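So the sequence lines, in the order shown, correspond to chains A and B. All residue numbers for the first sequence refer to the numbering used here, where the first residue is 1 and numbers rise by one. All residue numbers for the second sequence refer to the numbering used here, where the first residue is 106 and numbers rise by one. Backbone N, C-alpha and C fix where the C-beta goes; we use that ideal spot for every residue, glycine too. Since the model is a prediction, treat every value here as computed from it, not as a measurement.
2 protein chains.
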Amino acid sequence: MKIELAVEALAALAQESRLSIFRLLIRAGKEGVAAGVLGEKLGIPPATLSFHLKTLTHAGLVKPRTEGRFVIYSANYSEMDKLIAYLTEHCCAGDAAQCAPVKIC
Amino acid sequence: MKIELAVEALAALAQESRLSIFRLLIRAGKEGVAAGVLGEKLGIPPATLSFHLKTLTHAGLVKPRTEGRFVIYSANYSEMDKLIAYLTEHCCAGDAAQCAPVKIC
DNA sequence: TTAATATTTCCATAATATTGGAAATATAGA
DNA sequence: TCTATATTTCCAATATTATGGAAATATTAA
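What follows is the structure in structure tokens.
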């Protein structure tokens with residue numbers, strides 16, 4: 001992963017509405033949630049929601065798919081795994097005694 | 106972890122210089138690296154470096170300790186583990202088949 | 001005490017991000 | 001086709017963040 005991509009993903013998550021959206025989608029699983037449902041659950045007006053969803057999508061953290069009038073968003077789990085791996089790369093210079101593995105889910 | 110703290114940590118990491126500093130400290134291990142060495146290795150001027158280190162410290166991602174004239178910074182591994190746990194909390198609504206654990210280091 | 005080194009604070013400039021109303025676009029169903 | 005519903009784009013106001021030179025602070029060593 002290139003640093004520019006990591007910074008973009010972290011910036012996408014570094015905002016309360018977007019972090020809430022992302023965590024909701026992480027919980028929701030691969031079936032995803034429609035944009036309107038996200039807006040209603042989180043109390044975000046349409047224009048603002050659309051802006052935030054575009055930011056998350058561009059960063060590769062969520063993926064939209066169209067179903068009729070609805071746009072359904074789901075979390076991109078593999079992209080998040082890559083981001084976490086990037087953050088912890090070469091952790092403790094390979095001294096395993098210093099750092100224990102973390103179970104993701 | 107409260108969402109405000111997670112947003113602060115993510116915002117601290119969402120900047121190229123700060124992400125480079127953090128990853129360098131993650132690699133360096135618990136002994137840490139002096140501020141000046143960080144600035145020299147990454148080509149960041151003193152005032153800018155100090156600003157970024159303050160941001161990372163306030164977010165709880167790094168910890169400074171003073172040794173004579175030097176201020177030595179080290180990564181706060183446990184805070185990063187908490188952040189990762191927060192991001193992936195209740196991942197896939199508990200359906201373990203959907204998401205595999207990731208080894209951190 | 002004086003000089004050298006390490007880091008931080010101050011400050012102004014410049015760049016970037018957030019917000020949401022209103023209008024535009026797109027699909028579904030009557 | 002006409003109407004209702006879902007989402008996005010446009011836009012301008014507002015807020016936040018990044019940058020680094022110069023000065024201030026702090027410690028060490030001579």
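Check                                                                                                                                     : Outcome
Among B:128, B:145 and B:154, the one whose alpha carbon lies nearest that of residue 85 (chain A)                                        : B:128
Residue 6 (chain A): first and last residue of the uninterrupted alpha helix (DSSP H) it sits in                                          : 3-13
Simplified DSSP state of residue 164 (chain B), which is helix, strand or coil                                                            : coil
Cut-off 6 Å between Cβ atoms - residues of its own chain near residue 170 (chain B), not counting five sequence neighbours on either side : 177
C-beta contact flag for residue 6 (chain A) and residue 83 (chain A) at 8 Å                                                               : yes
Secondary structure of residue 107 (chain A), DSSP reduced to three states                                                                : In the structure as shown, chain A begins at 1 and stops at 105. Residue 107 (chain A) is therefore absent and cannot be evaluated.
Partners in chain B for residue 90 (chain A), counting only beta-carbon separations shorter than 9 Å                                      : 128, 131, 132 and 210
Residue 37 (chain A) vs residue 25 (chain A) beta-carbon contact at 8 Å                                                                   : no
Alpha-carbon spacing of residue 56 (chain A) relative to residue 118 (chain B), whole angstroms                                           : 16 Å
Beta carbon of residue 179 (chain B) nearer than 8 Å to that of residue 135 (chain B)                                                     : yes
Contacts that residue 185 (chain B) makes with chain A (C-beta to C-beta distance below 8 Å)                                              : 87 and 88
For residue 31 (chain A), three-class secondary structure by DSSP                                                                         : coil
Contact set between residue 20 (chain A) and chain B, taken where Cβ atoms lie within less than 9 Å                                       : 108
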